[in-house]
Structures are given as structure tokens and as C-alpha cells.
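Chemist: Below is one structure. I have some questions about it.
Below, the structure written as C-alpha cells:
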């Protein structure tokens with residue numbers, strides 16, 4: 003088992019998963035090789051993030067619905083009807099988690115999977131937002147609660163990177179090297195089922211027991227299975243949907259319509275089953291693609307334009323896949339009503355936006371919409387965009403009355419929040 007000294011480095015959320023190796027994690031381990039770290043070499047245990055009591059609370063008190071929970075036993079996913087039911091008078095929706103049914107299946111050896119905890123459990127909502135900011139890729143969090151000596155899923159690989167945080171009990175993990183390196187989202191393990199099963203029968207790359215507070219990192223594609231030992235085992239799986247070079251290529255190819263040669267129709271009467279007929283067309287299109295993407299080594303302007311195109315495309319995708327800090331609608335409306343020069347506000351946490359100015363206005367592009375304000379508000383917007391809290395009457399470039407108008411608008415647009 004690999005060991006590292008305590009320490010948080012400059013990425014405190016990541017360091018909770020990997021220890022001080024977080025300082026060079028992106029170079030040595032990211033998307034390349036597994037990392038298993040003992041609890042004694044991590045900054046803190048995970049009790050504040052999740053627990054058995056938290057799982058029982060979600061199952062019994064929060065009226066969870068599918069797909070926020072599923073169950074599996076010995077590699078087979080159970081039908082939702084096995085663990086859901088209607089909620090009774092006033093809550094007749096039929097796919098709510100039934101604590102009685104869950105008890106029966108769990109006692110019979112089924113694994114509980116609580117999905118989307120980055121949306122449903124406050125400590126993990128906050129932790130996930132911090133981890134996204136440090137890693138730069140979308141993240142989801144699931145919990146796996148496995149009864150003693152049970153295995154939830156057969157050996158498989160994931161199409162996303164994962165951090166495993168052992169919360170309670172012990173679980174034996176068997177890790178095997180990939181049969182399909184760095185799979186994309188549309189390349190699931192079932193496409194390589196025979197190869198995965200064969201590789202899983204061989205000598206593991208890692209065969210270790212995770213105990214409370216231990217952590218494991220697995221790049222996508224690494225084959226794994228886990229078995230609970232002794233009592234109930236609980237672990238968090240933090241899934242990282244890493245963007246890839248294929249995503250960059252996809253963003254570049256989205257500009258195909260800008261090239262006239264690529265907009266032309268294929269020959270009249272084309273026979274798409276005739277490979278010989280298609281071959282010269284494919285070669286021509288490939289050449290046109292190369293011409294579209296090619297830029298002279300000194301043509302920095304063209305390279306910058308392409309980088310802007312890719313940035314805009316990936317930012318839109320990222321904004322759709324992640325959530326900024328939640329806002330409190332009632333508290334925000336009350337804050338707007340009571341707003342004064344003494345009021346303190348800040349940029350909404352993890353809200354990604356592009357701020358730009360021209361001669362007449364300042365524009366805030368965020369989440370598929372653009373908020374336009376007068377040009378004189380630009381220094382105040384830039385000050386807020388820095389992220390630190392500021393009193394309304396301290397915003398630069400505006401008198402107090404104008405600052406109040408700007409901040410009211412930004413509060414209503416969920417761009418800033420009361421500090």
C-alpha cells in the first residue's frame with residue numbers, strides 16, 4: 003500500500019482524497035495509474051462527509067425517488083419495484099424509496115446504491131463544489147452500502163475516473179489493468195465483456211482491504227470489483243467525468259459548417275454501400291478537414307480563434323454538467339428588500355461567467371444567458387468577479403444609489419449572493 007505524509011497542499015479537497023501527493027497528482031497519477039492511500043496519511047477521516055446514520059436518514063426520512071437510489075445483488079440490478087412504493091396520502095407517487103422494502107432486500111444481501119449525493123446531502127454538495135474547482139472536471143458522488151460478505155457488482159470498468167473513500171466497515175478491492183485504455187462515455191465495459199472477465203481471472207494489480215478513512219483513486223478503464231468483509235461496508239465513489247482530447251476535437255469539428263467545401267452535397271445518385279465509390283470522397287473530405295484545421299506555425303490569430311471556439315463549447319458543456327453554489331430564494335428576496343449601502347455581497351460560489359465590456363455596456367455571460375448593465379458598472383462587476391465579499395457602498399465607479407440598482411439586479415439574476 004502506498005503511503006504519504008499528512009498535508010493539505012494548495013488543493014484541500016483533493017488532498018482529502020490523496021494526501022500530500024495532491025501536489026503532483028495531476029502529473030503522476032491522473033488518468034494514468036491507481037493510487038491507494040492509508041487513512042493515517044490523509045488529512046482527516048471522512049465522518050463529516052457521510053455515515054451510516056446519513057444513509058439511514060436519506061432512506062427513511064427524505065422521500066428519495068429513483069434514480070437517486072438503486073439496489074443490486076451478486077452483479078444483478080434489482081427492479082425498482084423491489085424497493086419503492088407510494089408515499090401514502092398526499093404523496094402517492096409510486097417510485098419513492100420504501101424503507102421497509104429496502105430493509106428486506108438489504109437483509110437478504112443486496113447492496114444499496116445512493117446516487118447523486120452531490121445533489122442531496124449538504125456536506126457532499128459543498129465538498130463536491132470545492133473538488134470541482136480544484137480538478138476542473140464535472141463530478142458526481144454515489145454511496146455503496148454493502149452487507150457483510152456480499153458483492154454488489156461483477157468485475158467491470160468505469161468510463162469515468164473515481165475516488166473511493168471508505169466510510170465504514172471493510173471492503174476488499176481487486177484491481178486489474180485495463181483491456182481498453184481510457185474508454186470514452188460511449189465505450190462501456192460490456193462492449194469488452196469477455197476480455198474484462200478474462201483479465202479479472204488473472205493476477206490483480208492491487209488486492210487490498212480498504213478500512214475506514216482509506217482512499218483509492220482509479221483512472222477510467224481500470225477493472226475492479228469489491229467485496230464487503232465482516233459487517234456492513236460503506237464507501238463513497240466520487241466519479242470524475244474527465245473531458246478528453248476527443249471533446250476538443252468534437253468542438254473543433256462543430257465548425258464544419260463554416261467551410262464551404264464541406265457544405266457541398268455528395269454526388270447525385272451516390273451508392274453509400276459502394277466502398278470504392280466512397281473512397282475518393284472520403285480522401286477529399288479528409289484533405290478538406292486537414293485544410294480547415296491547419297494553420298501556419300506563425301498564424302497565432304487563427305490558433306487563438308480556434309481556442310476561443312473550443313473554450314466556448316467546453317464552458318457551455320461544463321456549466322450544464324456542474325452546479326454553482328445553491329441560492330436561497332426567500333432569503334435573497336428579503337435581502338433585496340432590505341438592501342442598503344452597508345449590505346455585503348459576493349460573487350456566487352463556483353459560478354462560471356465571462357465578463358466583457360464595450361463602449362456602452364458590460365456583459366455577464368452565464369448559464370446560457372447574458373446580463374447587460376451600463377458601462378459605468380464595469381469596475382464594480384470586475385471587483386465582485388474577483389470573489390471576495392464587498393459592501394455595496396464600497397463598489398468602485400458607482401455612487402451608492404447606482405450601486406444599489408446594480409446589486410439588486412445581480413441578486414435577482416443569482417449572480418451575487420448575500421455574504
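In this note's numbering, the protein residues as written are 3 to 421. C-beta atoms are modelled at their ideal positions from N, C-alpha and C, and glycine is treated no differently. Keep in mind it's a predicted model, so treat the numbers as computed, not measured.
Could you check which residue in 277, 233, 207, 238 has the C-alpha nearest to that of residue 150?
Modeler: Minimum Cα distance to residue 150 is reached at 233.
Chemist: The alpha helix (DSSP H) spanning residue 101 covers which residue range?
Modeler: Here the alpha helix (DSSP H) through residue 101 covers 101-109.
Chemist: For residue 152, count neighbouring C-beta atoms within 10 Å of its own C-beta (all shown protein chains included) and say buried if the count is 16 or more, exposed if not.
Modeler: Under this definition residue 152 is a buried residue.
Chemist: So which of 100, 207, 28, 214 has the shortest CA-CA distance to residue 46?
Modeler: Taking only the C-alpha atoms, the option nearest residue 46 is 214.
Chemist: Starting from the C-beta of residue 117, find all residues in its chain whose C-beta is less than 7 angstroms away, skip the five residues before and the five after it, and write them out in chain order.
Modeler: Here the set comprises 69, 70, 71, 72, 144.
Chemist: Label residue 198 either buried or exposed according to how many other C-beta atoms from any shown protein chain fall within 10 Å of its C-beta, with 16 as the threshold for buried.
Modeler: Per the 10 Å Cβ criterion, buried.
Chemist: Please list, in chain order, all residues of the same chain as residue 141 whose beta carbon is under 8 angstroms from its beta carbon, the five residues on each side excluded.
Modeler: If we look at residue 141 and ignore the five residues flanking it on each side, its Cβ neighbours are 120, 130, 133, 134, 240, 241, 242, 243, 324.
Chemist: At the level of alpha carbons, what is the spacing between residue 125 and residue 51?
Modeler: Their Cα atoms are separated by approximately 5 angstroms.
Chemist: Whose C-alpha, out of 253, 277, 292, 250, is nearest the C-alpha of residue 263?
Modeler: If we check each option's Cα against that of residue 263, 292 comes out closest.
Chemist: Which residues in the same chain have their Cβ closer than 7 angstroms to the Cβ of residue 259, if we skip the five residues on either side of it in sequence?
Modeler: Closer than 7 angstroms at the Cβ level, and outside the excluded window around residue 259, lie 265.
Chemist: Suppose you measure from the CA of residue 418 to the CA of residue 368; what does that come to, to the nearest Å?
Modeler: Roughly 12 angstroms between the two C-alpha positions.
Chemist: What residue from 301, 283, 309 has the CA that sits closest to residue 255's CA?
Modeler: Checked all of 301, 283, 309; the closest Cα to residue 255 is 309.
Chemist: According to DSSP, is residue 387 part of a helix, a strand, or is it coil?
Modeler: Looking at residue 387 - three-state DSSP - the assignment turns out to be helix.
Chemist: So residue 367 is in the beta strand (DSSP E); what residue range does that whole segment cover?
Modeler: Where residue 367 is concerned, the enclosing beta strand (DSSP E) stretches over 363-368.
Chemist: Alpha carbon to alpha carbon, how far is residue 62 from residue 100? Give it in angstroms, no decimals.
Modeler: Between residue 100 and residue 62, the C-alpha separation is close to 8 angstroms.
Chemist: Taking the runs of the alpha helix (DSSP H) that are 4 residues or longer, which of them lie wholly in the stretch 274-328?
Modeler: Counting only runs of 4 or more, we get 277-295, 302-323.
Chemist: Which one of 340, 356, 331 has the shortest CA to CA distance from residue 321?
Modeler: Answer by Cα proximity: 356.
Chemist: Is it a yes or a no for the stretch 185-202 touching the stretch 88-104, going by three-plus beta-carbon pairs under 8 angstroms?
Modeler: No: fewer than three Cβ pairs fall under 8 angstroms.
Chemist: In chain order, what residues of the same chain have a beta carbon less than 6 angstroms from the beta carbon of residue 9, not counting five sequence neighbours either side?
Modeler: No answer about residue 9 holds up, because its pLDDT of 37 lies below 50 and its placement is not dependable.
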